[in-house]
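*Asks:* Sequential numbering of the sequence shown, starting at 1, is according to full-length UniProt numbering.
Note that CB positions come from ideal geometry on N, CA and C, so glycine has one too.
Here it is: the structure, laid out below.
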Amino acid sequence: MGKPSRLYFIDAMRAWAILMMLQGHFIDGLLDPLFRDPSNPAYATWLYFRGITAPVFFTVSGFIFTYLLLRTPRNQPDNPRIRKGIRRGLQLVAIGYLLRTNLFGLLQGQIYPSFYLVDVLHCIGVALLLIIGIYQLTRKFRPGAFPVLLLMVTVGLFLFEPVYKTWTYEGWPAAIANYLTKANGSVFTIVPWVGYTAFGAFLATAFRRYANTRHLYVKSILLSVLAGVALVGYSSAFFSWVARQTGWELPEMVVANNYLFIRLGDVLLVFAVFMLLRGLLKKEVFLRIGQNTLSIYVIHFIILYGSFTGLGLYRFLHHSLTPWEVIPGALAFMLVCTWAALTYDSHQERVRDLLKSTARITRQGLEKYAWILYRWARRGADKLMRLLGLAESRS
Numbered sequence: 001m002g003k004p005s006r007l008y009f010i011d012a013m014r015a016w017a018i019l020m021m022l023q024g025h026f027i028d029g030l031l032d033p034l035f036r037d038p039s040n041p042a043y044a045t046w047l048y049f050r051g052i053t054a055p056v057f058f059t060v061s062g063f064i065f066t067y068l069l070l071r072t073p074r075n076q077p078d079n080p081r082i083r084k085g086i087r088r089g090l091q092l093v094a095i096g097y098l099l100r101t102n103l104f105g106l107l108q109g110q111i112y113p114s115f116y117l118v119d120v121l122h123c124i125g126v127a128l129l130l131i132i133g134i135y136q137l138t139r140k141f142r143p144g145a146f147p148v149l150l151l152m153v154t155v156g157l158f159l160f161e162p163v164y165k166t167w168t169y170e171g172w173p174a175a176i177a178n179y180l181t182k183a184n185g186s187v188f189t190i191v192p193w194v195g196y197t198a199f200g201a202f203l204a205t206a207f208r209r210y211a212n213t214r215h216l217y218v219k220s221i222l223l224s225v226l227a228g229v230a231l232v233g234y235s236s237a238f239f240s241w242v243a244r245q246t247g248w249e250l251p252e253m254v255v256a257n258n259y260l261f262i263r264l265g266d267v268l269l270v271f272a273v274f275m276l277l278r279g280l281l282k283k284e285v286f287l288r289i290g291q292n293t294l295s296i297y298v299i300h301f302i303i304l305y306g307s308f309t310g311l312g313l314y315r316f317l318h319h320s321l322t323p324w325e326v327i328p329g330a331l332a333f334m335l336v337c338t339w340a341a342l343t344y345d346s347h348q349e350r351v352r353d354l355l356k357s358t359a360r361i362t363r364q365g366l367e368k369y370a371w372i373l374y375r376w377a378r379r380g381a382d383k384l385m386r387l388l389g390l391a392e393s394r395s
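Shown next, in the form of structure tokens:
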């Protein structure tokens with residue numbers, strides 16, 4: 001089998017994950033609590049798939065970045081993906097903070113506590129920097145060191161989650177503590193969610209290493225299904241068995257809330273489904289949506305949560321819609337956000353030129369008014385000095 005130039009099923013997975021995220025955020029934010037009945041099969045199914053969305057998104061993000069990172073041979077000293085990755089990671093963190101900026105608060109000289117909360121973009125940005133750090137750390141070792149360390153990060157974060165989730169980080173600056181705890185309102189934290197991104201990076205190394213293997217997809221689908229079923233159906237029983245055999249408390253703590261390993265199994269099953277359907281997923285629309293997930297995310301955040309102004313759908317319709325209103329609303333929301341992002345992508349150069357022109361005109365205007373203010377201030381200072389001089393001469 002030849003080396004695949006592009007893994008279309010990954011683009012389709014990323015497109016599916018961002019669309020699931022859009023409808024999940026819309027329904028979760030606007031559906032009336034009266035209709036949130038876990039015993040309802042429809043709601044229970046939606047709730048389960050909503051829980052899969054974030055793990056899939058984090059995993060795919062790590063997969064795509066690492067798959068491209070490994071395109072350059074390890075023995076080549078200069079890998080352009082490292083610089084791009086560092087820039088991308090910092091950009092995601094910066095955009096994450098920008099989306100939580102409230103302009104009205106800034107005009108009053110205030111930065112609201114919500115500005116420091118951590119979300120998906122912050123975590124993925126930090127995860128990319130972590131992957132680069134591990135890659136650089138292991139470059140001088142055997143090729144297997146990189147994937148082994150990535151897998152150790154995933155297992156370690158998931159295994160010890162019952163321990164570190166109880167830590168309070170009292171006395172820590174909120175801007176730092178919010179990366180580690182949800183106590184202040186962060187939606188995601190780097191621990192344990194970076195573990196999914198690291199696992200995606202691990203899968204990418206496997207695809208790169210065995211790219212020329214015969215029947216690659218058949219073997220990958222089989223392994224994904226077996227590992228996924230094992231994690232979903234038997235991981236809790238395994239940890240219970242370990243606890244009984246060793247007397248350790250940690251495995252029992254994992255069993256008490258074994259959502260991380262179960263969701264990891266769900267991710268592998270989703271991988272298997274998309275690999276199985278890969279022949280049907282080469283449509284350009286999947287590719288374009290998958291390539292514009294950041295734009296879609298930014299647009300959805302502005303419309304739903306009211307970035308910069310606080311005037312979003314969440315503010316006006318929070319927990320107020322019925323299922324008959326929220327379902328078509330979610331579909332329309334997905335269409336609007338996707339259409340806006342793809343339209344921006346089609347006219348990106350024109351939009352950038354317009355923004356540059358606007359910024360240049362704004363800067364020129366500010367410089368003009370600054371010069372006028374400077375002249376007024378100077379005249380005022382001269383008058384004040386003359387008055388002071390006159391006062392001194394009379395004394």
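What's the gap between the Cα of G2 and the Cα of I132?
*Replies:* No answer about G2 holds up, because its pLDDT of 42 lies below 50 and its placement is not dependable.
*Asks:* Quick check: what's the CA-CA separation for I82 versus Y135?
*Replies:* Answer to the nearest angstrom: the Cα atoms are 9 Å apart.
*Asks:* Going by CA-CA distance only, name the one from K383, P38, F160 that's closest to A256.
*Replies:* The shortest C-alpha separation from A256 is found at F160.
*Asks:* Which partner residues does T212 have in the DSSP bridge list?
*Replies:* It is worth fixing the name first, because residue 212 is Asn in this sequence and not Thr. The partner list for N212 (beta bridge, DSSP) is empty, contrary to what the question assumes.
*Asks:* By DSSP's criteria, C308 is part of a beta bridge. Which residues make up the other side?
*Replies:* What sits at residue 308 in the sequence shown is Phe, not Cys. F308 pairs with N102.
*Asks:* Which residue wins for smallest C-alpha separation from L129, given the options G62, I327, P192?
*Replies:* L129 has its Cα closest to that of G62, out of G62, I327, P192.
*Asks:* Looking at C-alpha atoms only, which residue of P192, M275, L180 is the closest neighbour of S220?
*Replies:* Per the Cα distances, M275.
*Asks:* Could you give the DSSP three-state label for L277: helix, strand or coil?
*Replies:* The answer is coil: DSSP assigns L277 none of H, G, I, E or B.
*Asks:* Alpha carbon to alpha carbon, what distance is there between F26 and H318?
*Replies:* Computed Cα separation, rounded: 10 Å.
*Asks:* State the start and end residues of the unbroken alpha helix (DSSP H) segment that holds S346.
*Replies:* Per DSSP, S346 belongs to the alpha helix (DSSP H) from 323-346.
*Asks:* May I have the straight-line CA-CA distance separating I18 from A237, to the nearest angstrom?
*Replies:* If you take the alpha carbons of I18 and A237, they lie about 33 Å apart.
*Asks:* To the nearest whole angstrom, what separates the beta carbons of F104 and T343, a pair I think is in contact under 8 Å?
*Replies:* In fact, because the Cβ distance is near 28 Å, the residues do not count as touching under 8 Å.
*Asks:* Please report how far the alpha carbon of A145 lies from the alpha carbon of A227, in whole angstroms.
*Replies:* Cα to Cα, A145 sits roughly 22 Å from A227.
*Asks:* On a CA-only basis, which of Y196, P55, P143 is nearest V153? Give me that one, please.
*Replies:* Measuring from the Cα of V153, the nearest candidate turns out to be Y196.
*Asks:* Grouping DSSP H, G and I as helix and E and B as strand, with all else coil, what is L7?
*Replies:* Three-state DSSP puts L7 in coil, outside helix and strand.
*Asks:* Taking the alpha helix (DSSP H) that A175 falls in, what are its first and last residues?
*Replies:* 174-177 is the extent of the alpha helix (DSSP H) around A175.
*Asks:* Give the DSSP bridge partners of L31, in chain order.
*Replies:* L31 pairs with L321.
*Asks:* Would D28 count as contacting chain C if we go by Cβ distances under 9 Å?
*Replies:* Of the chains in the structure shown, none is chain C; there is only one protein chain.
*Asks:* Measuring CB to CB, does L231 end up less than 9 Å from L264?
*Replies:* Yes, Cβ-Cβ distance for L231 and L264 is below 9 Å.
*Asks:* Please report how far the alpha carbon of M20 lies from the alpha carbon of I372, in whole angstroms.
*Replies:* M20 and I372: Cα-Cα distance of roughly 53 Å.
*Asks:* Mapping the DSSP letters down to three states, classify I111 as helix, strand or coil.
*Replies:* Correct three-state label for I111: coil.
*Asks:* Can you list, in chain order, the residues of its chain with a C-beta nearer than 7 Å to that of V254? Leave out the 5 residues immediately preceding and following it.
*Replies:* Cβ within range, chain order: L159, P162, F239.
*Asks:* Mind checking whether L121 and L106 have CB atoms under 9 Å apart?
*Replies:* Taking 9 Å as the Cβ cut-off, L121 and L106 do not qualify as a contacting pair.
*Asks:* Taking only runs of the alpha helix (DSSP H) that begin and end inside the segment 226-251, which ones reach a length of at least 4 residues, in chain order?
*Replies:* DSSP runs (the alpha helix (DSSP H)) wholly in the segment 226-251: none.
*Asks:* Using three-state DSSP, classify R288 as helix, strand or coil.
*Replies:* R288 falls in the helix class under three-state DSSP.
*Asks:* Enumerate in chain order the residues of its own chain whose CB-to-CB distance from V60 is below 7 Å, with the five nearest sequence positions on each side excluded.
*Replies:* Around V60: I10, M13, R14, A17, G200.
*Asks:* According to the neighbour-count rule (16 or more other Cβ atoms, all chains shown, within 10 Å of its Cβ), is A54 buried or exposed?
*Replies:* A54 is buried by the Cβ-count criterion.
*Asks:* Under the assumption that V126 contacts G85 (Cβ atoms under 8 Å), give the Cβ distance between them as a whole number of angstroms.
*Replies:* Incorrect: roughly 12 Å between the Cβ atoms, too far for contact.
*Asks:* By alpha-carbon positions, which one of D28, G51, W46 ends up nearest to Y259?
*Replies:* Residue G51 is the option with its Cα nearest to Y259.
*Asks:* Can you tell me whether DSSP reads A183 as helix, strand or coil?
*Replies:* If DSSP states are grouped into helix, strand and coil, A183 belongs with coil.
*Asks:* Taking the Cβ atom as the reference point for each residue, do L31 and P38 lie within a distance shorter than 9 Å?
*Replies:* Not closer than 9 Å, so no.
*Asks:* Give every residue of the same chain whose Cβ lies closer than 6 Å to the Cβ of W248, excluding the five residues on either side of it in the sequence, and list them in chain order.
*Replies:* Taken in chain order, the list of residues that qualify is empty.
*Asks:* Apart from the five residues just before and just after I95, which ones in its own chain have a Cβ nearer than 6 Å to its Cβ?
*Replies:* Cβ neighbours of I95 beyond the five flanking positions: L121.
*Asks:* Classify R375 as buried or exposed, calling it buried when 16 or more other Cβ atoms lie within 10 Å of its own Cβ.
*Replies:* Exposed, by the Cβ-count rule.
*Asks:* Between the Cα of Y179 and those of G290, D345, D119, spot the shortest distance and give me the residue it belongs to.
*Replies:* Ranking the options by Cα distance to Y179, first place goes to D119.
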